[in-house]
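Novice: Here you go, one structure.
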Amino acid sequence: MSYLIVANWKMNKTNQESLKLITEINNAIQQTSNINVVICPPYTSIVPAAEVLENSSIMLGSQNMSHEAPGAHTGEISVDMISPYCEYVILGHSERRIIYGETNDIVNMKILKALGSKLTPIICIGENIDQRNEGKLDSILKEMLESSLTGVKSFDNLVIAYEPLWAIGTGISASPEQANEACSKIKILLMEHFNKTEKDITTPILYGGSVTKENIKDFLNQDCIDGALIGSASLSSEQFLSIIQTIDTL
Ligand code: PEP
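First residue of the sequence shown: 32, per our numbering; consecutive thereafter.
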């Protein structure tokens, strides 16, 4: 079993700090076999990080990108600017949706753009606490996933991250059972969308939301969870590497 572990550094780390952290991580986990690690640093660190990771198994991801073609889009970043260095791009993160108003339609356009440039989108979906309490988990996951996948023909180059909003950056993670239940619903939605059986669907489904070295094992021991999207605990080499070391024992 191989796991996919994605580090989302968000708007943290100067270039100098990024390179220090990426070097520490790279030196420590080059030999790791059952873990595919993707680091998503700020845009400013992508190119220098790619140099540090030249002969490394660690891959790079971008935290976002524009769906527009190059041109008059002040402050945006195009797919061509990141695709030479990154294999992945996080799209539809709840902070993009809530703070910057990204709609399901915008997220879908970004996904199609990423796929067109051979970048693998890590598509973030998840409910807020009111939606969960009102019993709307199924309908929210369906709506977010279906709209994300409009026009997407293959499940090969996709990653889905189940990120309940109430667990992101709060220190209160979902329980492993809650996370697994949602990931298994996502798997069924993927089977329906692509008209495939369970064994055909190879799309990794990640859990994200207050993952730590203490709880990572419990999430990865669940049937339908193939990895994790990690924010806060990916910002220090000590915490991130202890998560990786814990996974190594699985
Ligand atoms: C995230 O931002 O995607 C995330 C999971 O953050 P945290 O691990 O800090 O909850």
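Even for Gly, the Cβ is constructed at its ideal location relative to N, Cα and C.
On a predicted model such as this, the values are computed, not experimentally measured, just so you know.
I'd like the list of long-range same chain contacts for Thr243, defined as Cβ closer than 6 Å, with 5 residues on each side in sequence excluded.
Specialist: Around Thr243, the same chain offers Ala264 as residues with beta carbons nearer than 6 Å, after the five sequence neighbours per side are excluded.
Novice: Only counting the same chain, and skipping five residues up and downstream in sequence, which positions put a Cβ closer than 7 Å to that of Asp161?
Specialist: none
Novice: What are the start and end residues of each continuous beta strand (DSSP E) run of 3 or more residues lying completely inside the stretch 138-186, in chain order?
Specialist: Whole beta strand (DSSP E) segments, 3+ residues: 151-156.
Novice: Determine the DSSP secondary structure at Cys214, reduced to helix, strand or coil.
Specialist: helix
Novice: Would you list the one or two residues that DSSP bridges to Cys255?
Specialist: Paired residue(s): none; Cys255 is not in a bridge.
Novice: Going by C-alpha to C-alpha distance, which of Glu107, Ser241 and Ser179 sits closest to Ile142?
Specialist: Ser179
Novice: Classify Tyr238 as helix, strand or coil using the three-state DSSP reduction.
Specialist: Three-state DSSP puts Tyr238 in a strand.
Novice: Would you tell me roughly how many angstroms separate the C-alpha atoms of Pro235 and Thr105, rounded to the nearest one?
Specialist: 34 Å
Novice: Quick one: grab the DSSP three-state call for Ala100.
Specialist: coil
Novice: Can Asn57 and Met32 be called in contact, C-beta distance under 8 Å?
Specialist: no
Novice: Are the stretch 38-57 and the stretch 66-81 touching by the rule of at least three beta carbon pairs closer than 8 Å?
Specialist: yes
Novice: Can we count Glu264 as close to the ligand PEP, meaning its CB is less than 7 Å from some heavy atom?
Specialist: Note that residue 264 corresponds to Ala in the displayed sequence, not to Glu. At least one heavy atom of the ligand PEP is nearer than 7 Å to the Cβ of Ala264, so yes.
Novice: In this structure, how does DSSP classify Ala205 when only helix, strand and coil are distinguished?
Specialist: Coil, per DSSP.
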